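Notes follow the structure.
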Amino acid sequence: MIKNLVHHKDNIVTISETMNCLDAIEILEQHSLRNAPVVDATNTLYRGNIYRYHIYKYKFHHPDADLAQVKVTQFLKNTTRVVHENDTFYQLIFAIRDLPFIAVLDKENVFTGVIQHDAMINYLAQAWVADKSGYVLAIQTRGEKGELNKLARLVNRKADIQSAVTFEKTTYDTSTYLMVTLPEYLDVSSVRALVKDLTRRKYDVNVVTL
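For the sequence shown, counting from 1, position 85 maps to 349 in this note's numbering; every step adds exactly one.
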């Protein structure tokens with residue numbers, strides 16, 4: 265699945281590890297890029313990311329430095345933050361986190377391209393059918409055996425479930441809950457009846473209209 269999200273290396277801007285920081289800055293500025301992947305001279309091995317910010321920060325603290333004499337390898341970041349083509353989407357989510365993109369390697373560890381953060385978000389939006397959904401129900405769960413199956417049956421009495429995802433407790437003081445998306449053609453009265461039924465069964469429910 266990861267292969268379908270990859271922006272191939274032939275279609276992106278890369279920086280050679282042989283370049284100096286002045287050349288790198290010119291490329292990044294020309295393409296209005298926050299950062300870019302650094303590769304070897306053959307464009308097959310991923311070395312890390314180079315960020316425009318770190319070059320400018322260095323120049324600020326070293327105003328007399330000649331960036332043409334500073335190699336980009338001095339500022340390599342995210343050298344081990346990669347995913348492989350055969351990794352799962354679950355692994356991708358935890359690997360990419362705060363990065364604008366993440367490098368993708370094949371089974372031979374050859375750099376094939378990147379997955380951009382917004383491409384992953386777009387995939388999630390499509391997978392959760394956000395553009396065709398009318399409502400989202402966040403149902404706080406109790407952790408009982410067979411609870412998800414039970415809740416699915418209760419919701420299906422009133423509406424078709426387009427997608428569903430579960431969330432566990434976190435350090436952000438959030439509880440365990442099930443989030444389901446419901447179709448846009450569902451009328452408000454059916455949604456209210458569903459919420460009333462779940463509330464009667466002692467479930468806390470939050471509803472968002474899309």
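By construction, the Cβ of each residue, glycine as well, lies at the ideal position given by its N, Cα and C atoms. Since the model is a prediction, treat every value here as computed from it, not as a measurement.
message: Are the CB atoms of residue 399 and residue 446 within a distance shorter than 8 Å?
response: For the 8 Å CB-CB criterion, residue 446 and residue 399 form a contact.
message: Going by DSSP in three states, residue 266 sits in which element: helix, strand or coil?
response: It is helical.
Rounded distance between the beta-carbons of residue 403 and residue 379, thought under 8 Å: No, residue 379 and residue 403 are not in contact; Cβ-Cβ is about 31 Å, not under 8 Å.
task: Could you check the C-alpha separation between residue 291 and residue 334 for me, to the nearest Å?
output: Residue 291 and residue 334: Cα-Cα distance of roughly 15 Å.
- prompt: What does a CB cutoff of less than 8 Å around residue 309 pick up in its chain, not counting 5 residues either side in sequence?
  reply: Excluding residues within five positions, the ones whose Cβ falls inside 8 Å are 303, 373, 374, 375.
message: Helix, strand or coil, according to DSSP, for residue 445 in the structure here?
response: In this structure, residue 445 counts as strand in the three-state DSSP scheme.
field: Option in 466, 423, 463 with minimal Cα separation from residue 451
entry: Nearest to residue 451 by C-alpha distance, out of 466, 423, 463, is 423.
query: Taking just the CA atoms, how far does residue 416 sit from residue 336?
result: Going from the Cα of residue 336 to the Cα of residue 416 covers about 53 Å.
- request: Verify whether the separation of the beta carbon atoms of residue 273 and residue 377 is less than 8 Å.
  value: Against a cut-off of 8 Å, the Cβ pair of residue 377 and residue 273 comes out as a contact.
- request: Return yes when the Cβ of residue 284 is within less than 8 Å of the Cβ of residue 301, no when it is not.
  value: Against a cut-off of 8 Å, the Cβ pair of residue 284 and residue 301 comes out as no contact.
field: Pairwise C-alpha distance: residue 319 and residue 327
entry: One C-alpha to the other measures close to 11 Å.
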